[in-house]
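Enquirer: Here the protein sequences come in this chain order: A and B.
The opening position of the first sequence corresponds to residue 92 in the numbering used here, with each subsequent residue numbered one higher.
The opening position of the second sequence corresponds to residue 92 in the numbering used here, with each subsequent residue numbered one higher.
We put the beta carbon where it would ideally sit given N, CA and C, even for glycine.
Take a look at this one; I'll ask things after.
There are 2 protein chains.
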Amino acid sequence: MAVADGKNPKTTIADVARVAGVSVTTVSRVLNGEKYVREDKKKAVERAVAKLDYQPNLYARSLAGDRSYLIGLLFDDPRGDYLSGMQRGAMHRCREEGYHIVVELFDRTTTLDQIEQFLSKLRPSGVLLTPPVCDNKVILAALARKKVPTVRISPSEDFPGMASVKIDDYHAAYQMTEHLISLGHKDIGFIIGDIEHADARARLRAFRDAMKAAGLAVNEDWIAQGSYQFASGRDAAKQILRGHTRPTAIFSSNDDMAAAVIVVADEMGLEVPGGLSVAGFDDIPLASAVSPSLTTIRQPVEAMAETAVGRLMAMLKGGDSDVDTPILMPVEFIKRASTGTCK
Amino acid sequence: MAVADGKNPKTTIADVARVAGVSVTTVSRVLNGEKYVREDKKKAVERAVAKLDYQPNLYARSLAGDRSYLIGLLFDDPRGDYLSGMQRGAMHRCREEGYHIVVELFDRTTTLDQIEQFLSKLRPSGVLLTPPVCDNKVILAALARKKVPTVRISPSEDFPGMASVKIDDYHAAYQMTEHLISLGHKDIGFIIGDIEHADARARLRAFRDAMKAAGLAVNEDWIAQGSYQFASGRDAAKQILRGHTRPTAIFSSNDDMAAAVIVVADEMGLEVPGGLSVAGFDDIPLASAVSPSLTTIRQPVEAMAETAVGRLMAMLKGGDSDVDTPILMPVEFIKRASTGTCK
DNA sequence: AATGAATATGGAAGCGCTTCCAGAAAATGT
DNA sequence: ACATTTTCTGGAAGCGCTTCCATATTCATT
């Protein structure tokens with residue numbers, strides 16, 4: 092079972108060395124950007140590499156150098172645009188750096204042992220953790236013990252010694268709540284996301300705080316639990332809207348559920364935003380596709396992943412710097428058609 | 092920059108050999124399931140492996156054995172549940188087989204050169220191609236040239252010598268047509284998808300055959316050509332519905348166009364499904380978001396990916412068998428609100 | 001001009017595995 | 001009984017790279 096062989100069947104570092112007129116050691120140095128290589132030799136090596144269309148053998152490098160050039164991306168469930176964007180951003184950045192993404196699922200059926208095997212078999216140069224895996228104590232401990240450079244994306248709790256990238260969920264949700272209030276809404280419902288996610292909790296907290304700060308009461312009947320899934324949004328919306336008194340606005344913890352709210356409102360003959368304003372969070376593609384389009388908060392998902400990879404690269408290159416301070420990414424408030432003044 | 096080191100810092104095949112009282116060659120044979128190893132020695136090796144908690148070094152294996160145990164998953168855009176499901180399925184199956192998924196983006200900004208680098212650097216044991224990458228002639232040619240075992244998922248066109256996994260479009264469309272007929276519809280319209288795609292042709296053929304089998308005539312004025320795009324669905328619907336005699340149901344080759352049919356019907360004051368039943372295909376997220384929600388056909392995305400990996404494994408294990416015959420997967424009929432009995 | 005650092009280079013020893021090869025042991029045929 | 005074939009086993013040579021070590025060469029300091 093031979094593996095792919097390109098147009099240049101077997102160009103090795105030795106070939107490059109011969110063509111460049113230097114030793115393999117020197118070629119290796121140039122390839123790895125080490126210092127102590129004279130400029131002219133460096134140029135010669137680069138010319139030879141280009142001429143031969145040389146591709147270093149990843150496996151030889153990994154074996155000899157104890158680095159894998161693979162970065163692991165662990166997640167619980169790859170569904171949804173959130174993780175897709177994450178993956179996309181990570182791929183982009185990795186491509187620039189010559190690294191590759193190995194995806195690995197970590198859900199209910201996954202044992203710690205499987206993850207440990209993943210780590211010791213693949214020996215990834217680094218690992219990216221997405222929510223909610225990024226808050227799994229067992230995984231974090233395993234990673235720390237094995238000293239695998241790790242960046243957590245949108246984690247809920249602190250874990251000393253591990254870098255993280257997150258958005259300011261609290262601030263964003265606070266801002267959205269204020270937006271609704273500024274439109275004259277006093278009766279506002281809220282759909283909570285998967286409570287396992289720290290962001291879901293932060294958004295809820297911000298909502299409550301912003302209401303309180305505006306001197307508005309929160310009607311607990313209008314607070315429903317969702318799971319970030321579209322279907323759960325349906326249920327939540329029905330629950331909130333079934334009573335004889337209804338809120339004039341609903342702030343959903345994410346767009347998927349917000350879209351479901353619009354559908355339910357439509358089914359009930361409630362006009363949006365005439366009879367009900369709906370606000371979302373995340374700005375997934377669906378947000379601008381539904382009618383009316385969703386007022387929402389855009390999370391720079393791709394940029395976050397890119398930043399996370401960048402952080403990883405920095406760690407790999409030695410600068411251990413301040414790992415404990417999370418990198419906060421800015422969010423963007425997107426005003427669209429689903430929110431309007433309270434009549 | 093040390094890479095992860097587990098609890099057993101450095102258990103090599105030599106350690107296993109010593110403990111088992113055999114040579115490394117024999118250990119290697121057992122590990123790779125080769126024949127010509129006596130049963131007692133095999134047992135001894137297995138015991139030693141378990142006792143030492145030995146993990147073979149992936150990179151040493153890859154370097155020496157010219158296999159990578161990595162399988163590449165190429166896609167155009169990771170957004171959407173379709174590819175998420177795909178990935179999930181592929182991961183599951185790979186885990187069972189001890190392989191891992193390396194994801195790689197192939198969009199507008201990607202050059203062929205980048206993909207070739209991906210292939211020659213990672214030397215994946217196999218590659219999975221998702222639509223629309225699976226119909227990219229250039230990629231296919233590159234893969235074929237490098238002899239990388241490849242499985243295409245839901246390809247539109249044939250490409251000799253390359254395995255593929257697809258749904259049984261004919262069967263599914265036949266089933267949907269029968270559904271419409273069972274609701275009492277006799278006058279049924281059909282919107283054809285992009286005729287360049289094999290699936291569009293199969294769906295049309297199934298529609299005609301099912302009608303014929305039920306003894307129903309197909310009115311050619313009610314058959315319109317679309318391109319799978321939403322906008323083309325609008326035009327097709329208008330064309331079908333403009334006459335003085337109208338069908339009582341329209342089967343659209345995909346959900347995008349079916350959604351357009353609903354919009355057009357709405358504009359014409361035709362109620363769905365009261366005055367017109369509408370059926371789609373694909374079960375895209377929009378299908379459950381539109382009102383009324385679309386009766387459609389869902390592809391078993393995860394299962395398809397699992398099957399694709401299975402096919403790949405079979406190819407890697409030597410059985411080259413019949414690569415040209417696509418593996419057909421069963422689909423799921425989703426009854427929603429857009430189809431109803433013919434009044 | 002002499003001394004020690006800083007800079008630059010290559011030889012060669014692995015990294016942990018697979019596999020070729022040669023040879024031993026067991027099973028088969030005559 | 002011997003000659004073949006088949007089954008089993010281990011030694012040792014790589015796979016293509018990184019890196020330790022020893023050796024040159026240059027540069028700044030006295």
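1) Take VAL136(A) and list the residues in its own chain whose beta-carbon comes closer than 6 Å to its own, dropping the five residues that flank it on each side.
2) Check whether the Cβ atoms of THR435(A) and MET177(A) lie closer than 7 Å to each other.
3) Below 7 Å on C-beta distance, what does VAL194(B) contact in chain A?
4) Nearest chain A C-beta to GLY97(B) closer than 7 Å, yes or no?
5) Please classify MET92(B) as buried or exposed, where buried requires at least 16 neighbouring CB atoms within 10 angstroms.
6) State yes or no: is the beta carbon of LEU154(B) nearer than 7 Å to at least one beta carbon in chain A?
7) Ordered along the chain, which non-local residues of its own chain (more than five positions away) have a Cβ less than 7 Å from that of SER114(B)?
8) Taking the Cβ atom as the reference point for each residue, do ASN393(A) and GLY163(A) lie within a distance shorter than 7 Å?
9) Candidates ILE244(B), SER245(B) and VAL218(B): which alpha carbon is nearest LEU234(B)'s?
10) Would the segment 189–203 of chain A count as touching the segment 150–164 of chain A if we require 3 or more Cβ pairs under 8 Å?
11) For GLN146(A), which three-state DSSP category applies?
12) Take the Cβ of ASN99(B) as the centre, count every other Cβ of all protein chains shown within 10 Å, and call the residue buried at 16 or more, exposed below.
13) Go to ALA370(B), then tell me how far its beta strand (DSSP E) extends in each direction, as first and last residue.
14) Quick one: grab the DSSP three-state call for LYS257(A).
15) Leaving out five residues on either side along the sequence, give the residues of the same chain with a beta carbon under 8 Å from the beta carbon of ILE104(B).
16) Just reading off the alpha helix (DSSP H) that MET359(B) is part of, what are its end residues?
17) Is ALA93(B) helix, strand or coil when you go by DSSP?
18) Tell me which residue opens and which closes the alpha helix (DSSP H) that ALA308(B) is part of.
19) What are the boundary residues of the beta strand (DSSP E) that GLN316(B) is part of?
20) Starting from SER323(A), trace the alpha helix (DSSP H) in both directions and tell me its first and last residue.
21) Which value, in whole angstroms, describes the spacing of the CA atoms of ILE286(B) and THR201(B)?
22) Closest to HIS262(A) by CA distance: which of MET253(A), GLY401(A) and VAL422(A) is it?
23) State the CB to CB distance for the pair PRO338(B) and GLY275(B), rounded to an integer number of angstroms; the pair is presumed to be in contact (CB under 8 Å).
24) So who's on the other strand from THR386(B), going by DSSP bridges?
25) Buried or exposed, going by whether 16 or more other CB atoms sit within 10 Å of the CB of VAL193(B)?
26) Which class does THR416(B) belong to by DSSP, given the choice of helix, strand or coil?
27) Suppose you measure from the CA of ILE283(B) to the CA of ALA351(A); what does that come to, to the nearest Å?
28) Step through the CB atoms of chain B and report whether any lies within less than 7 Å of the CB of LEU149(A).
29) In the DSSP assignment, what residue or residues form a beta bridge with SER343(A)?
30) Could you check the C-alpha separation between PHE372(B) and ASP346(B) for me, to the nearest Å?
31) Short of 8 Å Cβ to Cβ, which residues in the segment 200–219 of chain B face chain A?
32) Look at the Cβ atom of ILE418(A), then the Cβ atom of VAL256(A), and state whether they are nearer than 7 Å.
33) State the DSSP-derived secondary structure class of LYS98(A), mapped to helix, strand or coil.
34) Let me check one thing: in DSSP terms, what residues is THR241(A) bridge-paired to?
35) Could you please give the first and the last residue of the uninterrupted alpha helix (DSSP H) stretch that includes ILE206(A)?
36) Please list the partners that LEU377(A) has in chain B, where partner means a Cβ-to-Cβ separation under 9 Å.
Expert: For this structure:
1) In the first sequence, counting from the first residue as 1, residue 136(A) sits at position 45. Excluding sequence neighbours, VAL136(A) sits near ALA111, VAL118 and VAL121.
2) The structure shown does not extend to residue 435(A), since chain A is modelled only from 92 to 434, so the question has no answer here.
3) Locating residue 194(B) in the second sequence gives position 103, where the first residue counts as 1. Result: GLN178, MET182, ILE192 and VAL194.
4) For this step, residue 97(B) is matched to residue 6 along the second sequence. In this prediction, GLY97(B) scores a pLDDT of 36, lower than 50, which makes its location untrustworthy; no coordinate-derived value is stated.
5) Here the question's residue 92(B) lines up with position 1 in the second sequence. With a pLDDT of 34 at MET92(B), under the threshold of 50, the predicted position of this residue should be treated as unreliable, though the coordinate-derived value follows. With fewer than 16 other Cβ atoms within 10 Å, it is exposed.
6) Counting from 1 along the second sequence, the entry for residue 154(B) is found at position 63. It does: the Cβ of LEU154(B) has a partner Cβ on chain A nearer than 7 Å.
7) Translated into positions along the second sequence, residue 114(B) becomes position 23. Hits under 7 Å: ALA108.
8) Translated into positions along the first sequence, residue 393(A) becomes position 302. Translated into positions along the first sequence, residue 163(A) becomes position 72. For the sequence presented, residue 393(A) should be read as Glu rather than Asn. Cβ atoms of GLU393(A) and GLY163(A): not closer than 7 Å.
9) For the purposes of this step, residue 234(B) is taken as residue 143 along the second sequence, with counting starting at 1. Closest option to LEU234(B), Cα to Cα, is VAL218(B).
10) yes
11) Position 55 of the first sequence, counted from the start, is the residue given in the question as residue 146(A). Residue state, collapsed to three classes: coil.
12) In the second sequence, residue 99(B) corresponds to position 8, counting from 1. Because ASN99(B) sits at a pLDDT of 47, beneath the cut-off of 50, its placement in the model cannot be relied upon, and the following sentence gives the value as read from the coordinates. So ASN99(B) ends up on the exposed side.
13) Position 279 of the second sequence, counted from the start, is the residue given in the question as residue 370(B). Segment 368–370, the beta strand (DSSP E) holding ALA370(B).
14) The residue labelled residue 257(A) in the question sits at position 166 within the first sequence. If DSSP states are grouped into helix, strand and coil, LYS257(A) belongs with the strands.
15) Residue 104(B) sits at position 13 when you count from the first residue of the second sequence. Within the same chain, ILE104(B) has close Cβ partners VAL115, VAL118, SER119, LEU122, TYR145 and PRO147.
16) Counting from 1 along the second sequence, the entry for residue 359(B) is found at position 268. Where MET359(B) is concerned, there is no enclosing alpha helix (DSSP H), given that its DSSP letter is neither H nor E.
17) Position 2 of the second sequence, counted from the first residue, corresponds to residue 93(B). Below a pLDDT of 50, predicted positions are generally treated as unreliable, and ALA93(B), at 35, falls in that range; the measurement from the model is reported next regardless. Note: ALA93(B) maps to coil in three-state DSSP.
18) The count along the second sequence starts at 1 and reaches residue 308(B) at position 217. Unbroken run through ALA308(B): none, as it is neither H nor E.
19) Numbered from its first residue, the second sequence carries residue 316(B) at position 225. Here the beta strand (DSSP E) through GLN316(B) covers 314–316.
20) Taking the first sequence and counting its residues from 1, the one referred to as residue 323(A) is at position 232. SER323(A) -> alpha helix (DSSP H) spans 321–332.
21) The residue you call residue 286(B) lines up with position 195 of the second sequence. The residue you call residue 201(B) lines up with position 110 of the second sequence. Whole-angstrom Cα-Cα distance: 27 Å.
22) Taking the first sequence and counting its residues from 1, the one referred to as residue 262(A) is at position 171. Of MET253(A), GLY401(A) and VAL422(A), the residue nearest in Cα terms is VAL422(A).
23) For the purposes of this step, residue 338(B) is taken as residue 247 along the second sequence, with counting starting at 1. For the purposes of this step, residue 275(B) is taken as residue 184 along the second sequence, with counting starting at 1. Contact flag wrong, Cβ pair sits at about 13 Å.
24) Position 295 of the second sequence, counting from 1, holds the residue named residue 386(B). Looking at the DSSP assignment, THR386(B) forms a beta bridge with ALA370(B).
25) For the purposes of this step, residue 193(B) is taken as residue 102 along the second sequence, with counting starting at 1. Per the 10 Å Cβ criterion, buried.
26) Mapped onto the second sequence, residue 416(B) falls at position 325. Of the three classes helix, strand and coil, the one that applies to THR416(B) here is coil, per DSSP.
27) Start at 1 with the first residue of the second sequence, and residue 283(B) comes out as number 192. Start at 1 with the first residue of the first sequence, and residue 351(A) comes out as number 260. Spanning the two alpha carbons is a distance of roughly 30 Å.
28) For the purposes of this step, residue 149(A) is taken as residue 58 along the first sequence, with counting starting at 1. Yes, contact with chain B.
29) Looking up residue 343(A) in the first sequence gives position 252. In the DSSP output, where bridge partners are listed per residue, SER343(A) has ILE282(A).
30) The sequence position of residue 372(B) within the second sequence is 281, counting from 1. The sequence position of residue 346(B) within the second sequence is 255, counting from 1. So the alpha carbons of these two residues sit roughly 5 Å apart.
31) GLN205, GLU207, GLN208, PHE209, LEU210, SER211, LYS212, LEU213, ARG214, PRO215 and SER216
32) To locate residue 418(A), count along the first sequence from 1; it is residue 327. To locate residue 256(A), count along the first sequence from 1; it is residue 165. Yes.
33) The sequence position of residue 98(A) within the first sequence is 7, counting from 1. Residue placement at LYS98(A) cannot be trusted, given a pLDDT of 39 that sits under 50; what the coordinates show is reported in the next sentence. Coil, per DSSP.
34) As a first step, residue 241(A) is located in the first sequence; it is residue number 150 there, counting from the start. Paired residue(s): VAL218(A).
35) Working through the first sequence from its first residue, we reach residue 206(A) at position 115. Start and end: 203–213.
36) The residue you call residue 377(A) lines up with position 286 of the first sequence. Within chain B, the residues near LEU377(A) are PRO376, LEU377 and ALA380.
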